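These notes are about the structure you will find just below.
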Amino acid sequence: MKVKIKKWTTVATWKWLANDDNCGICRMPFESCCPDCRLPGDGCPLVWGKCSHCFHMHCIVKWIQSQQAQQQCPMCRQTWNFKE
Amino acid sequence: MLIRTGLSAKMDAASLEKIEQHWDAAETAFRDCVSKGYINESLAQHVEQLCNHGMLPLLEVWLLSFSEEIITRAMKSYFSSTRVVEHVLPNLQVAAKDIRRLLEAAGWLRKISGGNDEPSVDITWSCSGHKLDIHEEVLKLSSRLTTFFVTAEFDSLMLEIFQRSFRAFHRTQSSDDCSGLVFCPGCNAEIADDENLCSCAAIVREFVEINGVIDEIGAFPSLVHDCVQSVCFDLIKKHVFETCQGDFESKCASNLEQWLNETVVSWLQTISGQTTSMISAFKNNLLYFLHDIFIEFRAGQLFDMIVDFPDSQPALEDLRDCIQKVRSLDELVTKLKQAMTTRLFHPGVKTADIITAYVSTIKALRILDPSGFILQSICDELSVYLKSRDNRDNTVRIIVSSLTDENNVELNAELARCAQKAPAPGSYLDGSSDDESDWQNWIPQAKVSRIIKSSDIITLLVNIYGSKEVFVEEYASLLSGRLLNGSSDTQKEIMYMELLKVRFGELAMNNCEVMLNDVKYSKRLHTQIIQEKLGEKLQVPLDSLIISAQFWPELKDETMKIPESVTGDFEKFRKEYEILNGNRTVNLRPNLGYVELELELDDGSVKSVKCSTAQATLIQLFDGRNHWKMADIANALECSRITVKRLVAFWTQQGVLAEGGAGPDGVVVMGSDADVGDIENARGRRSLVDEEMEDDDDGNSRPNQLQEVRYQTFSNFVRGLLTNLGETPLDRIYSMLKMFAASSWVDFTIQDCKQFLDSKVKSGDVVYSSGLYSLPAK
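In structure tokens:
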């Protein structure tokens with residue numbers, strides 16, 4: 001008998017390459033989205049800081065805007081800078 | 001004596017004696033009149049004299065008591081002497097003679113007294129202005145006494161006469177040719193030889209005569225009313241049963257009414273020309289009874305009508321019209337409930353059929369009873385049954401799948417229809433919507449919940465469970481199943497999702513939206529990566545579905561080996577993906593997905609199969625090798641033998657492999673050289689395996705899996721809770737767990753909680769003593 005594969009549909013789950021599972025601000029998994037979003041992934045991307053912590057972009061932007069004096073990473077209190 | 005005491009105060013002895021003479025003469029004259037049948041000439045004088053002395057009322061009273069005596073005698077002897085149908089009329093004539101004369105006398109007295117009804121003498125107890133219609137009074141007396149004396153035996157005789165005469169009447173009225181018959185259908189006489197032997201006409205004549213006499217002596221209501229009633233009722237009953245059997249596609253109430261008018265009422269008119277007022281009252285009675293019988297009859301068939309809906313719509317409308325004319329719905333409800341219990345609420349009925357019946361019930365009962373009263377009582381019952389887990393644990397799944405199943409025209413159309421006019425929130429708000437200008441026509445509304453009255457069918461179905469979350473969850477799991485087997489049409493799924501969104505709200509459907517988005521995005525990846533970049537570099541024609549695991553229902557996670565060509569190709573895909581989407585990667589779920597294969601068997605035939613990845617991996621082993629041992633397959637696939645057996649079962653079902661071909665543990669390719677018979681044997685076993693497979697595939701195991709996942713999260717929580725609080729009673733744990741569970745388990749009940757805790761007690765994680773739960777001492 002000969003077996004010929006005409007089409008093999010694989011299923012895979014996508015995942016952020018981050019050093020944590022959950023966003024430190026909204027506590028939702030990175031693969032989920034921030035409370036304001038509906039669609040994950042490109043709809044609610046992650047950003048990394050120079051301190052190497054990462055968050056949902058919407059979450060950290062909100063956080064930074066709410067900070068009066070200095071803009072710090074909510075995890076390590078270092079000055080927040082977006083990683084290039 | 002009476003006369004003396006009444007008059008002595010004002011009269012002298014001579015005139016008193018004179019009056020007494022007049023009285024005695026009048027009395028004798030009346031007695032003679034009744035016994036001999038003529039009125040003495042002199043009676044008039046006597047009566048006049050008496051009247052002049054204001055004695056008329058007394059005379060009337062006497063006549064009445066005299067009448068009572070006569071009638072009682074006549075009726076008593078009549079009823080006791082009449083034992084057979086043949087005697088009814090002759091005896092009646094005899095009995096009626098006296099009464100008739102009595103009535104004549106009374107009529108005469110009325111005439112005489114009519115001229116000088118103003119009593120000239122002022123006697124205290126002759127009420128001024130009092131006027132007694134003595135004839136009428138005697139009639140009434142006769143009627144009452146007949147009622148009093150009539151016997152059950154006589155009633156049955158009358159009934160017989162009525163039935164016979166009704167048949168005969170119809171025989172004489174109808175134009176049917178009965179020359180070929182041996183017996184006349186009307187009178188049962190043998191008419192084979194001579195049609196003139198038929199006695200129908202005679203019967204009718206006799207009957208009319210009887211009625212005439214009865215009517216004359218004022219006994220019609222008492223003697224005949226019951227008979228007419230029971231004869232008519234029997235007739236109507238029979239007719240309804242004969243004509244309305246099992247035909248739901250036409251209206252028959254109006255026909256029935258027409259029949260009643262033409263047949264029964266015309267007969268009634270014949271039996272007595274005089275008492276028409278009574279007949280017309282009676283006609284209403286009969287009409288009511290007709291409707292009543294009809295409803296009763298239909299009530300038993302209501303379930304069939306529901307099943308036949310919409311074909312039975314005419315019958316339902318028919319019934320509705322009757323109900324409006326006649327009475328309350330209690331009996332209908334009871335009968336329908338009975339029918340439902342015996343015919344629907346048992347384990348032999350498929351859930352899908354119950355749902356269909358439910359939908360038909362809603363539609364049918366909406367026609368039958370716009371107030372919604374019946375529907376409410378029935379729906380309550382049905383939803384309780386469907387909701388109970390013991391009976392039906394797949395209800396939601398069936399409802400959801402039939403909503404989106406094209407073959408289920410009814411619900412599918414319902415979904416689309418409802419989307420067009422989605423229930424505006426607040427549109428159901430009660431109250432002020434009543435048009436106040438129409439207050440005169442306002443009728444009280446049945447106490448029916450607004451949901452029943454105003455909702456569409458889907459809302460009602462969803463409301464079985466009381467929450468849309470359960471529904472949406474179920475839909476999501478169905479959708480995920482369809483998307484993962486590739487058995488879905490994305491366009492259609494999107495359409496359904498949009499429809500469901502209108503119904504359940506965007507938020508509730510968000511997960512499903514993400515799922516469909518994943519499918520869309522995967523298609524884009526397919527073009528961007530597989531078609532444009534990888535193209536020829538792939539060993540197998542790969543396609544990939546990249547999913548956002550957080551938004552999909554819990555997916556089975558199994559480690560499984562799939563062909564290296566596939567994993568290798570997927571690696572290439574992954575690299576491209578990582579380039580395209582920075583900081584993201586994809587993890588293959590080898591057990592998910594589906595494969596389209598083309599099998600070229602040794603006999604040259606080609607077979608196209610769509611199967612799961614595991615099944616494909618297994619059959620790949622047989623590429624170029626026709627014989628494997630189960631154990632070897634298990635080794636090659638790195639899985640258990642049970643799994644292998646299940647996978648092989650799929651291929652035996654497809655007719656590709658055969659079990660036990662070479663040796664007890666062998667698996668061979670059908671029709672190949674390794675296949676040395678034993679196939680029949682394998683076939684026999686196959687059906688067994690199928691059943692096992694079905695059991696396994698069935699969604700029944702799904703809720704349990706879900707349960708396990710929930711329990712897992714719960715048990716951590718409970719451990720923490722018990723550590724903090726120490727010994728805790730059930731209701732406390734329940735209230736805390738309930739808060740915790742609110743998002744994931746909507747209908748979490750205290751029973752669920754107890755069940756969960758009990759399982760923990762059993763496994764030794766929790767200790768239960770004197771109503772309190774605690775952690776075991778370490």
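Here the protein sequences line up with chains S and D, keeping their order. Following our numbering, the numbering of the first sequence begins with 1 at its first residue and continues without gaps. Following our numbering, the numbering of the second sequence begins with 1 at its first residue and continues without gaps. Where a beta carbon is used, it is the ideal one built from N, C-alpha and C, also for glycine. If you're wondering where the values come from, they're calculated on a predicted model, not measured in any experiment.
Please report the residue range of the beta strand (DSSP E) in which residue i lies.
i      : result
S/W16  : 2-16
S/F55  : 54-56
D/N510 : Premise fails: D/N510 lies in the alpha helix (DSSP H), 510-525, not in any beta strand (DSSP E).
D/I547 : 542-547
D/E659 : 657-659
D/G666 : 666-669
D/V767 : 767-769
S/I48  : Here residue 48 of chain S is Trp; the residue named in the question, Ile, does not match the sequence. It spans 46-48 - the beta strand (DSSP E) in which S/W48 sits, taken as one unbroken run.
Looking at C-alpha atoms only, which residue of the options is the closest neighbour of residue i?
i      : options                        : result
S/C23  : S/W14, S/C34, S/K15            : S/C34
D/I398 : D/L647, D/P370, D/L365, D/V359 : D/V359
D/A508 : D/E708, D/S80, D/E469          : D/E469
D/S763 : D/F740, D/L722, D/L92, D/S715  : D/S715
D/L145 : D/F79, D/V204, D/F207          : D/F79
S/M1   : D/D623, D/W628, D/L721         : D/D623
S/F55  : D/I529, D/N583, D/K610         : D/N583
D/Q245 : D/S199, D/A202, D/F282, D/I295 : D/I295
D/P498 : D/S522, D/L484, D/V472         : It should be noted that the sequence gives Glu, not Pro, for residue 498 of chain D. Ranking D/S522, D/L484, D/V472 by Cα distance to D/E498 puts D/V472 first.
D/H22  : D/S35, D/A44, D/K36, D/I39     : D/A44
D/E216 : D/D330, D/R101, D/I362, D/T243 : D/R101
D/F297 : D/V265, D/S266, D/E331         : D/E331
D/Q539 : D/D569, D/S266, D/L516         : D/D569
D/Q712 : D/S605, D/S759, D/T172         : D/S759
D/T798 : D/P370, D/C379, D/H346, D/L772 : The structure shown does not extend to residue 798 of chain D, since chain D spans only 1 to 778, so no value can be given for it.
D/Y773 : D/R732, D/E153, D/V462         : D/R732
S/T13  : D/F169, D/A549, D/L89, D/A95   : D/A549
D/L618 : D/D602, D/L588, D/A649         : D/A649
D/C512 : D/R524, D/G481, D/S65, D/L157  : D/G481
S/I25  : S/W63, S/L39, S/G41, S/S32     : S/W63
D/V396 : D/L461, D/S142, D/T334, D/V349 : D/L461
D/D311 : D/K520, D/L290, D/F248         : D/F248
D/R31  : D/F740, D/A105, D/E17, D/V669  : D/A105
D/F162 : D/D665, D/H526, D/L235         : D/L235
D/R205 : D/H291, D/A616, D/F166, D/R320 : D/F166
S/K7   : D/H526, D/I457, D/S770         : D/H526
Please report the residue range of the alpha helix (DSSP H) in which residue i lies.
i      : result
D/T82  : Here D/T82 belongs to no alpha helix (DSSP H), and DSSP marks it neither H nor E.
S/W80  : No alpha helix (DSSP H) contains S/W80, which DSSP labels as neither H nor E.
D/A777 : Per DSSP, D/A777 belongs to no alpha helix (DSSP H) and is neither H nor E.
D/T395 : 395-403
D/C379 : 373-387
D/W259 : 253-259
D/V502 : 490-504
D/Q49  : 41-52
D/K797 : For chain D, the structure presents residues 1 to 778; residue 797 of chain D sits outside this window and is missing.
Under 8 Å by Cβ, that's how I've got residue i and residue j pegged, so tell me the actual separation to the nearest angstrom.
i      : j      : result
D/L382 : D/L316 : 18 Å between Cβ atoms; not a contact.
D/E558 : D/N591 : 4 Å
D/L103 : D/L139 : 7 Å
D/I112 : D/V47  : 5 Å
S/G9   : D/D518 : Position check: residue 9 of chain S holds Thr in this sequence, whereas Gly was assumed. Wrong, their Cβ atoms sit about 13 Å apart, outside the cutoff.
D/L647 : D/A614 : 6 Å
S/P40  : S/S32  : 6 Å
D/S142 : D/I71  : 5 Å
Inter-stretch contact at 8 Å, needing at least 3 Cβ pairs: the region 42-56 of chain D / the region 82-89 of chain D: no
Meets three-Cβ-pair contact criterion under 8 Å: the region 553-571 of chain D and the region 497-509 of chain D: no
Three-pair Cβ contact test at 8 Å for the region 365-385 of chain D versus the region 474-490 of chain D: no
At least three beta-carbon pairs within less than 8 Å, the region 591-601 of chain D to the region 637-645 of chain D: no
Within the region 290-356 of chain D, ranges of the alpha helix (DSSP H) (whole runs, at least 4 residues): 313-326, 330-343
At least three beta-carbon pairs within less than 8 Å, the region 300-308 of chain D to the region 228-240 of chain D: no
The region 281-290 of chain D contacting the region 253-261 of chain D, beta-carbon criterion three pairs below 8 Å: yes
Cβ contact (3+ pairs, closer than 8 Å) linking the region 574-581 of chain D and the region 608-615 of chain D: no
Those runs of the beta strand (DSSP E) which lie wholly inside the region 598-662 of chain D and span at least 3 residues: 606-612, 627-629, 657-659
Three or more C-beta pairs below 8 Å linking the region 36-54 of chain S and the region 617-632 of chain D: no
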